[in-house]
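S.K.: In the order they appear, the protein sequences are chains A and B. Plus 158 on top of the position in the first sequence (first one is 1) and you've got my numbering. Plus 19 on top of the position in the second sequence (first one is 1) and you've got my numbering. Don't be surprised by glycine CBs; every beta carbon is placed ideally from N, CA and C. After the structure tokens below, expect a handful of questions from me.
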Amino acid sequence: MTRLVAAELAKLRSTRVLTVLTILVVAMLLALIGMQVTNAGKVGASSLGTADSFRALLGVVGVTTPIVLVVGVLLVTAEFRHATIATSLLVVPQRSRLLVAKAVTAALLGGAVAVGGMVLVLAVVVSYLAAAGVPVDLVSGDVALAVGGVLAAIPLYAVAGVGIGALIRHQTVAVVVPLVWLGVVEQLLPSYGLAGILRWLPGGDERAGPRRGGRPVADVGRRPAAGRLRDRARRGRCAPPGPGGLVMTSSITTVVRRWSGDGRRAAVSPLVALVVLGVAAAVAALAGATARPAAAATSIQGIVDRWRARTPVHAVTVVLSDPGGDVRSMVSGRAAGRPVGVDARFRVGSVTKAFVAAVVLQLIDEHRLELDAPLGRYVPASPFGDVTIRQLLSHTGGVPDFEQAAGYATDLLARPSRRWTTAQVLGLVADRDRDFPPGSAYAYSNTDAVLLGQVVEAVTGRSWAHAVQRRVIDRLDLRDTTVPGRDAAAAPGVVASWFDTSGDGFDDRVPDPWPALETSQGPLARSSRPPPTWPSSPVPCSRATWSRGPRVGR
Amino acid sequence: MTPALAVHHVTKRFGDVVAVDDLSFEVTGGTVTGFLGPNGAGKSTTLRMLLGLVRPTTGRVLVTGVAYRDLSQPVRTVGAALEATGFHPRRRAVDHLRIAARAAGITPDRVGQVLDDVDLTAAAGRRVGGFSLGMRQRLALATALLGDPQILIADEPTNGLDPQGVHWVRGFLRQLAAQGRTVLVSSHHIAELALTADDVVIIRCGRLVAAGPVDDLTGRGQRVWLRTPDAERLAAALTAEGIAVTRRDGDELVADGPTEDVGRVVARAGIAIYEMHAERLSLEDAFLSMTAPGDPS
């Protein structure tokens, strides 16, 4: 078989096919890479250097599928067109062996195009980005899946071409039929309300994707594992032929062959051709299960990317969890000069309050705290000793918010590196009037959280951070979540967060001075369990995500 | 001994058309066999069945006793230059041969040898698209010889060639036969094969008409042509011995009988003879006489 494949390769080498193939592939890839590079970072496209952008560029290699399909067709039909099939069959009397040799040759060629194309993409992108001084992050995310998709899809198209060529021996027809099918028929199907069957057709996945975007979560949720893989591969934009598609194509070509049947010619057994197609379809089905693109993640990714491009937010991470347990994650933007990945660690700000509240409620369960006891019982020196624990948890104690205190914001701007202690923070509001008598109204106050931190420290004898670590983070095994030290904002590997000093909802370039939990979406995205449910908190946190952490200093 | 090529009761139908009809013949080793028949007689179909390119509807075709596709080394057993042999026009002659050699597991140096054998060495690097018909025929023969086979099948190798090309092919086939190879060569041009073949197989409309040594078909020594100044007396003497005589103009006559008998009659009659030779039927005459309706032979 090796020498048959070598002979098939020699056949290609001795004509123009390989030259034309190479020129076409390189020209097409360079043109599309150029387009991708030009469009990168604009609306709907990821910035260069991100894993997303690299995936999209790798996906460009997928445009070569029609070319390798045609080369696969030519491998067979050229023999009939130039009547060289007799010579070939005299050397290899078994038609199946000849056809298998051609299929293997086509697969090898497709593999070469896939690898060569990706090397080309890599070379152009890396050299371009290096010249532009943009750091490149090519390994994070799902690049490996995109690579696998490209490596699987292109050889499959080539093998399918051999099958089609064996069924339709007329070269022109055999080349035109699949191209018209991919380029015209499947494009028109949606106009006739037949978009639903597209996913079962050879080229249908990519086009079917966006149209199914209306119900992404339910659609993907039914098959969680495959869905997740699909989401990732989707961004590779490689669409291997759908399983049903090949079968359908082969049926059509069989009919065509019947019409044009000519027994006088040395026939490549249609049965063998069908078997080759069948095997290709089976492999395609397997590959399709992993590489079929899903629309949802991409459209959400697009929304996230577009939103980030419109705002001064430099990096964002999103995790979607649907009731079926399917978790999808996406990131956008850059931090510390690098594109953020799904494992990037963000400071979660006021979400930390919920962790502290959980510790407080645990202590109440353990009868070490009383929900309706006044703060003064645990922190006798506090100027807010009359406010109860329940009121602190529900922002109904009337304690003034230190963030609103005169001088706080201006001081932050003037001395961005200042680290505040608990005493300093409380000093800002200790002498101010209560917003209202305890229990009579509601007002969100960051000071409440600082006071709860003092309570935890008073009862446990250790820092609030220690209690959160041991009682919440360790127990839930949140390995990618940490309580930072004093200089949290400068911790390596954590996406820097900035403070909104002007109160306009946008971050000013002042480093967040407060400790807050640092976490990535990793534990959520990777967990097969539903994300941990927080203790139900009376704290309405609609603004909380924009404000800072629990304001507990030392 | 297993015949080199054997066709056993083979019938091939294409739809309603019966191309080959219960055909049987064998080709023994070491001979040149002419495969004769008018255009459309089923010659090419039969050859293609022998080579496994067309499947017989019924019957068996064997090469050295087995079906072509079951030969362990097909290209080394039998070489074929088919009329329909095609070449990729963009491919260089040497590449065409290298590809076939590689697929068959034949060493590349054999390519140079066969190119030499068919006088194509000078054109080896040219693309086949620019080849003349004669050059293509020679390239086809070179391809057939790649495996140095003992059996060669050539379908109409002289078709469309100029006289020089025809002469070359004829000499080439004779040379192969002289090396002890078995050659089966088809043609619709009967006279041409008479000069080349030891045996002939004649078919018409897919059916066997005759098969056997050329000499048997042409009836060696059954007719004698004579020139004598005494034609009248000689005719009478021959007729008296029961040998039929046909008078031709002047001093020529033709006697229907073996040379030996005619010679004895001449000697006894003491008649001067200027010229005398056995007149053979041409293969063409034989073919026509055999297929003529009502002819007893």
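Report the partner residues of His-328 (chain A) according to the DSSP bridge assignment.
M.R.: Here residue 328 (chain A) corresponds to residue number 170 of the first sequence, with the count starting at 1. In DSSP, His-328 (chain A) forms no bridge with anything.
S.K.: Using alpha carbons as the reference points, say which of B:Val-39, B:Asp-41, B:Thr-52, B:Arg-32 lies closest to Asp-217 (chain B).
M.R.: Taking the second sequence and counting its residues from 1, the one referred to as residue 217 (chain B) is at position 198. The shortest Cα separation from Asp-217 (chain B) among B:Val-39, B:Asp-41, B:Thr-52, B:Arg-32 belongs to B:Thr-52.
S.K.: Confirm, please, whether the CB-CB distance from Val-137 (chain B) to Arg-155 (chain B) is below 8 Å.
M.R.: What you label residue 155 (chain B) is simply residue 136 of the second sequence in a count that begins at 1. What you label residue 137 (chain B) is simply residue 118 of the second sequence in a count that begins at 1. No, they are not a contact pair.
S.K.: Would you call the CB atoms of Val-498 (chain A) and Arg-492 (chain A) closer than 8 Å?
M.R.: Looking up residue 498 (chain A) in the first sequence gives position 340. Looking up residue 492 (chain A) in the first sequence gives position 334. Contact flag set, yes.
S.K.: So is Ile-221 (chain B) buried or exposed if we call it buried at 16+ other beta carbons inside 10 Å?
M.R.: Position 202 of the second sequence, counted from the first residue, corresponds to residue 221 (chain B). With 16 or more other Cβ atoms within 10 Å, it is buried.
S.K.: Looking at Ile-172 (chain B): is its Cβ nearer than 8 Å to the Cβ of Leu-70 (chain B)?
M.R.: The residue you call residue 172 (chain B) lines up with position 153 of the second sequence. The residue you call residue 70 (chain B) lines up with position 51 of the second sequence. Closer than 8 Å, so yes.
S.K.: Pick out whichever of A:Ile-547, A:Arg-239, A:Ala-264 has its Cα sitting closest to the Cα of Ala-168 (chain A).
M.R.: Your numbering for residue 168 (chain A) matches position 10 in the first sequence. The shortest C-alpha separation from Ala-168 (chain A) is found at A:Ala-264.
S.K.: With DSSP as the reference, identify every bridge partner of Glu-271 (chain B), one or two as the case may be.
M.R.: The residue labelled residue 271 (chain B) in the question sits at position 252 within the second sequence. In the DSSP output, where bridge partners are listed per residue, Glu-271 (chain B) has B:Arg-246.
S.K.: What's the call for Glu-294 (chain B), buried or exposed, on a 16-neighbour Cβ count within 10 Å?
M.R.: Here the question's residue 294 (chain B) lines up with position 275 in the second sequence. Result: exposed.
S.K.: Can you look up Arg-223 (chain B) in the DSSP assignment and give me helix, strand or coil?
M.R.: For this step, residue 223 (chain B) is matched to residue 204 along the second sequence. Arg-223 (chain B): strand per DSSP, three-state reduction.
S.K.: With a cut-off of 8 Å, does the C-beta of Val-308 (chain A) fall near any C-beta of chain B?
M.R.: Stepping through the first sequence from its first residue, residue 308 (chain A) is reached at position 150. No, its Cβ sits nowhere closer than 8 Å to a Cβ of chain B.
S.K.: Taking 8 Å as the CB-CB cut-off, is Thr-150 (chain A) touching chain B?
M.R.: Nothing can be reported for residue 150 (chain A), as the shown portion of chain A is limited to 159 through 712.
S.K.: Using a 10 Å radius around the Cβ and a threshold of 16 neighbouring Cβ atoms, would you call Val-175 (chain A) buried or exposed?
M.R.: For this step, residue 175 (chain A) is matched to residue 17 along the first sequence. Its Cβ being crowded by 16 or more others within 10 Å, Val-175 (chain A) is buried.
S.K.: Does Arg-193 (chain B) get closer than 8 Å to chain A when you measure Cβ to Cβ?
M.R.: Counting from one through the second sequence, the residue named residue 193 (chain B) turns up at place 174. It does not; no Cβ of chain A falls within 8 Å.
S.K.: Are Val-73 (chain B) and Thr-64 (chain B) closer than 8 Å when you measure CB to CB?
M.R.: Position 54 of the second sequence, counted from the first residue, corresponds to residue 73 (chain B). Position 45 of the second sequence, counted from the first residue, corresponds to residue 64 (chain B). Yes, the pair counts as a contact, with Cβ atoms nearer than the cut-off.
S.K.: I need the DSSP call for His-27 (chain B), collapsed to helix, strand or coil.
M.R.: To locate residue 27 (chain B), count along the second sequence from 1; it is residue 8. Strand at His-27 (chain B).
S.K.: Thr-568 (chain A) and Val-587 (chain A): beta carbons closer than 8 Å?
M.R.: In the first sequence, counting from the first residue as 1, residue 568 (chain A) sits at position 410. In the first sequence, counting from the first residue as 1, residue 587 (chain A) sits at position 429. No.
S.K.: Does the beta-carbon distance from Thr-242 (chain A) to Gly-323 (chain A) come in below 8 Å?
M.R.: The residue labelled residue 242 (chain A) in the question sits at position 84 within the first sequence. The residue labelled residue 323 (chain A) in the question sits at position 165 within the first sequence. Taking 8 Å as the Cβ cut-off, Thr-242 (chain A) and Gly-323 (chain A) do not qualify as a contacting pair.
S.K.: Run down chain A in chain order and give the residues with a C-beta less than 8 Å from the C-beta of Tyr-87 (chain B).
M.R.: Against the second sequence, residue 87 (chain B) aligns to sequence position 68. Chain A residues near Tyr-87 (chain B): Pro-251.
S.K.: I need the straight-line Cα distance from Arg-109 (chain B) to Ala-143 (chain B), nearest angstrom please.
M.R.: For the purposes of this step, residue 109 (chain B) is identified with residue 90 of the second sequence, where counting begins at 1. For the purposes of this step, residue 143 (chain B) is identified with residue 124 of the second sequence, where counting begins at 1. The straight-line gap from Cα to Cα measures roughly 13 Å.
S.K.: When Cβ atoms are compared, which residues of the stretch 110–131 of chain B fall closer than 7 Å to chain A?
M.R.: Result list: Arg-110, Arg-111, Asp-114, Arg-117, Ile-118, Ala-119, Arg-121, Ala-122, Ala-123, Gly-124.
S.K.: For Phe-44 (chain B), decide whether its Cβ has a neighbour in chain A, counting only Cβ atoms nearer than 8 Å.
M.R.: Along the second sequence, read from residue 1 onward, the residue named residue 44 (chain B) stands at position 25. By this cut-off, Phe-44 (chain B) is not an interface position.
S.K.: How would you write the range of the beta strand (DSSP E) that Thr-52 (chain B) sits in, first residue to last?
M.R.: One-based indexing of the second sequence puts residue 52 (chain B) at position 33. Element bounds for Thr-52 (chain B): 51–55.
S.K.: For Arg-116 (chain B), which residues from the same chain have a beta carbon less than 6 Å from its beta carbon, with the 5 sequence-adjacent residues on both sides left out?
M.R.: Here residue 116 (chain B) refers to the residue found at position 97 of the second sequence. Note on identity: in this sequence residue 116 (chain B) is Leu, with Arg being the wrong assignment. So the qualifying residues of the chain are Val-130.
S.K.: Express the C-alpha separation of Thr-546 (chain A) and Ala-531 (chain A) in angstroms, rounding to a whole number.
M.R.: Working through the first sequence from its first residue, we reach residue 531 (chain A) at position 373. Working through the first sequence from its first residue, we reach residue 546 (chain A) at position 388. Answer to the nearest angstrom: the Cα atoms are 5 Å apart.
S.K.: Whole angstroms are fine: how far does the CA of Val-630 (chain A) sit from the CA of Gly-556 (chain A)?
M.R.: Taking the first sequence and counting its residues from 1, one reaches residue 556 (chain A) at position 398. Taking the first sequence and counting its residues from 1, one reaches residue 630 (chain A) at position 472. Cα to Cα, Gly-556 (chain A) sits roughly 28 Å from Val-630 (chain A).
S.K.: Strictly below 8 Å CB to CB, what residues from chain B border His-240 (chain A)?
M.R.: Here residue 240 (chain A) refers to the residue found at position 82 when the first sequence is read from its first residue. Near His-240 (chain A) (Cβ distances below 8 Å), the residues of chain B are Gly-105, Phe-106, His-107, Pro-108.
S.K.: Any beta carbon of chain B sitting closer than 8 Å to that of Leu-248 (chain A)?
M.R.: The residue given as residue 248 (chain A) occupies position 90 in the first sequence. By this cut-off, Leu-248 (chain A) is an interface position.
S.K.: What's the C-alpha gap between Val-277 (chain A) and Val-271 (chain A)?
M.R.: For the purposes of this step, residue 277 (chain A) is taken as residue 119 along the first sequence, with counting starting at 1. For the purposes of this step, residue 271 (chain A) is taken as residue 113 along the first sequence, with counting starting at 1. Going by the C-alpha atoms only, they are around 10 Å apart.
S.K.: Going by other Cβ atoms of all chains shown within 10 Å of its Cβ, with 16 needed for buried, is Val-342 (chain A) buried or exposed?
M.R.: By 1-based counting over the first sequence, the position of residue 342 (chain A) is 184. So Val-342 (chain A) counts as exposed.
S.K.: Please decide whether Thr-173 (chain A) counts as near chain B, where near means a Cβ-Cβ distance under 8 Å.
M.R.: Here residue 173 (chain A) is taken as the residue at index 15 of the first sequence, counted from 1. Residue-level contact by beta carbon holds for Thr-173 (chain A) and chain B, with a gap shorter than 8 Å.
S.K.: When you compare each of A:Pro-574, A:Ala-304, A:Ser-575 to Val-219 (chain A) by their alpha carbons, which one comes out closest?
M.R.: Residue 219 (chain A) sits at position 61 when you count from the first residue of the first sequence. For the set A:Pro-574, A:Ala-304, A:Ser-575, the Cα lying nearest the Cα of Val-219 (chain A) is the one of A:Ala-304.
S.K.: Considering only residues of the same chain and omitting the five flanking positions on each side of Phe-594 (chain A), which have a CB-CB separation below 8 Å?
M.R.: In the first sequence, residue 594 (chain A) corresponds to position 436, counting from 1. Gly-556, Ala-601, listed in sequence order.
S.K.: Determine, using beta carbons only, whether His-240 (chain A) and His-186 (chain B) come nearer to each other than 8 Å.
M.R.: Within the first sequence, numbered from 1, the residue matching residue 240 (chain A) stands at position 82. Within the second sequence, numbered from 1, the residue matching residue 186 (chain B) stands at position 167. Cβ atoms of His-240 (chain A) and His-186 (chain B): not closer than 8 Å.
S.K.: What three-state label does DSSP hand Glu-237 (chain A) in the structure shown?
M.R.: Position 79 of the first sequence holds residue 237 (chain A). Glu-237 (chain A) sits in a helix when the DSSP states are folded into three classes.
S.K.: Quick one: using the 10 Å Cβ neighbour count with 16 as the cut-off for buried, is Pro-558 (chain A) buried or exposed?
M.R.: Position 400 of the first sequence, counted from the start, is the residue given in the question as residue 558 (chain A). So Pro-558 (chain A) counts as buried.
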